[in-house]
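Below: one structure, written as structure tokens.
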Amino acid sequence: GIGRSGRSPTAPNLSCPLYAIEVPGEVNRGDPVKFVPVDETQKQIHLSSDVQIDSGFSAYCRDDGLWRLTLDAYNRRLVVIASGAFNAPRSLFKIETTDGSLGAYRITTAEQEGSSYLTLFLDRLSRLTMLGLTDDPSKALLIVFAKYNKDVVATI
24 GIGRSGRSPT APNLSCPLYA IEVPGEVNRG DPVKFVPVDE TQKQIHLSSD VQIDSGFSAY
84 CRDDGLWRLT LDAYNRRLVV IASGAFNAPR SLFKIETTDG SLGAYRITTA EQEGSSYLTL
144 FLDRLSRLTM LGLTDDPSKA LLIVFAKYNK DVVATI
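The opening residue of the sequence shown carries number 24 in the numbering used here; numbering runs sequentially from there.
Now the structure itself:
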């Protein structure tokens, strides 16, 4: 159906995930993601600068696997999928500080008027927890960064 088409794996026995979801479990630190500055002269990620987010599954899929927002018909909202490409529409994000939580950040969209924050919500079809958008900063997903194989990644 609309908004549910999958990505094409590079080999028949590989899985190529489309949606950014939360996997249930008591100990789940998430899969690493890589933040790529849009400004290629940047050597580090700066707060409020435009970034693209790479899910790291590109080696198994035929596309770049960069996060982008798409309208999901079942949920009637924008959701995060991992089938963007560099400079694709709705693929720019920003990392912002939070007001109260020390060491925590939130991710906003870089292409919309006002502030829209990444948030978790329950998918109406699969009942999995997915990433979408909210305009309410109190419902924004809080991100804590940790080092992973020399790349900075987020634990979501």
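Built from N, CA and C at the ideal position, the CB exists for glycine as well.
| Query | Result |
| --- | --- |
| Leu-115 and Leu-141 closer than 7 Å at C-beta | no |
| Whole-angstrom distance between Thr-132 and Arg-150, CA atom to CA atom | 25 Å |
| DSSP three-state assignment for Pro-60, whether helix, strand or coil | strand |
| Secondary structure of Ser-71, DSSP reduced to three states | coil |
| Neighbourhood of Val-59 by C-beta, 7 Å cutoff - its chain only, sequence neighbours within 5 removed | Val-74, Gln-75 and Asp-77 |
| Leu-41 and Ile-118 closer than 7 Å at C-beta | no |
| Beta-carbon proximity of Ser-139 to Leu-154, cut-off 7 Å | no |
| Local Cβ density within 10 Å of Ala-108, reported as buried at 16 or more and exposed below that | exposed |
| Of the residues Asp-159, Asp-158 and Phe-144, the one placed nearest Thr-152, counting alpha carbons only | Phe-144 |
| Per DSSP, the bridge partner or partners of Glu-134 | Per DSSP, none; premise fails for Glu-134. |
| Distance, Ser-106 Cα to Arg-27 Cα | For Arg-27, the pLDDT reaches just 43, beneath the cut-off of 50, and the residue's location in the model is therefore unreliable, although a value from the coordinates is still provided. Their Cα atoms are separated by approximately 12 Å. |
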